[in-house]
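Student: Next up is a structure, given as structure tokens.
Chains as they are written, first to last, in the numbering used here: chain Y, 66 to 352; chain R, 44 to 337.
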């Protein structure tokens, strides 16, 4: 029982991290209808920049905002130089462009950061807790606290602010939103800023949780999170969070208890195909 | 030519066959597929199993391999092709990951150890090696190009073009979307299966990681680079992406970066590819008013 609860807590932490990455994808898909594979490279960049600033300054309070700023700039650069000029083509053209950006950035990380695994020796400013023998590590606690805070802030921005209103309007109909006085291209860039900054946080959290930062750490999330936004309902933010949490828990429990001869990374795709057959609009997708 | 360049050319010819298959799906029918390596793998594994476990010769196994790969393409294509473009892209990625992990984790397919001991091809009693293997690949590549060309001139090909350009209009004219998309999908996967069989007998040892998602990306890059929907585009793409790493051998460390950069620049500035509509090369070769396909 104790082991089960620990597994469950790990699974939820995994799911929370997935949801931080997937939210960026869902935001971008909602507004541009592009599958933003390069988002996972932005997430890796977040981990690298975070680690670099942390090694220089020794402070996570500096590392996190620095990584968020660099990733936001990176996200906007990808949007401006790759996606916007390709929007008039069929959707697979920007998708291939995105994959090319992702592969190129992975190579840049390998060449700049080296092909090996770097450790992320961050000491968190609080200790773990133990409740009735169930140990909760400080890394997991920080994942819970940070993800909950980020999700709340994102929810507030998207539903309660003028920017959120502009984002929702642009995603429904870009041209009509434009005639209503919304600056669509600014709104789209802000969407990339938000999504990429959140991905930076996810990168740093993963780096600390596993104590690993390496060039290909984005490879699995890049495609798995595509499956997650499909499962959640393309463009649905609550759906993306729900699907991420279910997958995180499902994967962890599956590895712990079932002896299924499939690697955990294909589970997301199997779930996706099942969902597409049973509910093609996704778990929480409309229309 | 020395053995080394012959081996390189043989690989290029095999990849060109597979890329031509992908071109039928992506170029002619307009259906994105990012899991084409899975069908290449299915072809390789079926040929390997039929020749090692069932004791067939390569020639007896080849029609079966094409049939098996095409049928699996049919079964996997049926639910997938009902999906919208973005869903289809993600689903085909999923198919690639799942097929790869089935090869990797099911003992029947050799598991992590792969399949070895695949016999080489014999023709009129002699083993096909070196240049002769290359000739076989080139003959089959010619066959694939011939079929592709016939397809574009046929009624089914025209129906696919119509669906690619405007699905609603085409289907209101009585062109069944799912039927012709499936036809293109089966044709394309069958070609991938044939390439897979050649690959298995060339390498004589195969393992699941040979057919992973990165290969699907490479195949897609070949089609995009050469020109989506043109006859010779995939061949040109396979040739360029096959020869480039050899030319830039001193830059081996930057090879993947170079590939990705080429793909990115290509899709960003000339999405129709080198031989595509309105491209630089095409303008060079085409006389005024000429409208051939490729």
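Each residue gets a CB set at the ideal place from its N, CA and C atoms; glycine is no exception. Since the model is a prediction, treat every value here as computed from it, not as a measurement.
(1) With 9 Å as the threshold, decide whether the Cβ of residue 83(Y) is near any Cβ in chain R.
(2) On a CA-only basis, which of 283(R), 291(R) and 290(R) is nearest residue 306(R)? Give me that one, please.
(3) Determine the closest residue to residue 224(Y) out of 181(Y), 168(Y), 301(Y) and 266(Y), with distance taken between C-alpha atoms.
(4) Within 9 Å of any Cβ in chain Y, is that where the Cβ of residue 253(R) sits?
(5) Just to confirm the assignment: which complete alpha helix (DSSP H) runs, minimum length 4, are found wholly within the region 190–277 of chain Y?
(6) Per DSSP, what are the beta-bridge partners of residue 249(R) in this structure?
(7) Have a look at residue 235(R) and residue 228(R) and give me their C-alpha separation to the nearest angstrom.
(8) Could you compute how far the alpha carbon of residue 147(Y) sits from the alpha carbon of residue 345(Y)?
(9) Residues of chain R with CB under 9 Å from residue 162(Y), in chain order?
(10) Give a yes or no on whether the minimum CB-CB distance between residue 194(Y) and chain R is below 9 Å.
(11) Name the residues in the region 247–261 of chain Y whose C-beta lies less than 8 Å from a C-beta of chain R; which are they?
(12) Which value, in whole angstroms, describes the spacing of the CA atoms of residue 238(Y) and residue 98(Y)?
(13) If you follow the alpha helix (DSSP H) that residue 106(R) is in, where does it begin and where does it stop?
(14) Does residue 333(R) have its Cβ less than 9 Å from a Cβ in chain Y?
(15) CA-CA distance, residue 252(Y) and residue 228(Y)?
(16) On the three-state DSSP scale, how would you describe residue 170(R)?
(17) For residue 165(R), write down the residues that DSSP places opposite it in a beta bridge.
(18) For a contact meaning CB atoms closer than 7 Å, what does residue 335(Y) contact in chain R?
(19) Which runs of the alpha helix (DSSP H) at least 4 residues long sit entirely within the region 104–150 of chain Y? Give them in chain order.
(20) Spell out whether any CB of chain Y is found under 9 Å from the CB atom of residue 122(R).
(21) By the DSSP assignment, the alpha helix (DSSP H) with residue 101(Y) in it spans what residues?
(22) Measure from the C-beta of residue 260(R) to each C-beta in chain Y and report whether the shortest distance is under 9 Å.
(23) When the Cα atoms are used, what is the spatial distance from residue 315(R) to residue 76(Y)?
(24) When the cut-off is 9 Å and only beta carbons count, does residue 265(R) lie next to chain Y?
(25) Can you confirm whether residue 197(Y), when its beta carbon is compared against all beta carbons of chain R, has any partner nearer than 9 Å?
(26) Sort 146(R), 111(R), 98(R) and 109(R) by Cα distance to residue 252(R) and report the nearest one.
Tutor: In short, the structure shows the following:
(1) no
(2) Distances from the CA of residue 306(R) to each of 283(R), 291(R) and 290(R) were compared; the closest alpha carbon is that of 283(R).
(3) 301(Y)
(4) Not a single C-beta of chain Y is nearer than 9 Å to the C-beta of residue 253(R).
(5) For the region 190–277 of chain Y, the continuous alpha helix (DSSP H) assignments of 4+ residues that do not extend past its boundaries occur at 203–225, 227–237, 239–244 and 249–275, in sequence order.
(6) 158(R)
(7) The C-alpha of residue 228(R) is placed about 11 Å away from the C-alpha of residue 235(R).
(8) Approximately 29 Å, taken between the alpha carbons.
(9) 306, 307, 310, 311 and 314
(10) no
(11) none
(12) 12 Å
(13) 101–123
(14) Confidence in residue 333(R) is poor, its pLDDT being 47 and thus under 50, which makes the residue's placement too unreliable to answer from.
(15) Approximately 7 Å between the Cα atoms of the pair.
(16) In the displayed model, residue 170(R) falls within a strand according to three-state DSSP.
(17) 170(R)
(18) 141
(19) 104–122 and 125–143
(20) yes
(21) Taken as a continuous stretch (DSSP letters only), residue 101(Y) belongs to no alpha helix (DSSP H), as it is neither H nor E.
(22) yes
(23) If I take the Cα positions, the gap works out to 44 Å.
(24) No, residue 265(R) does not count as interfacial toward chain Y.
(25) no
(26) 146(R)
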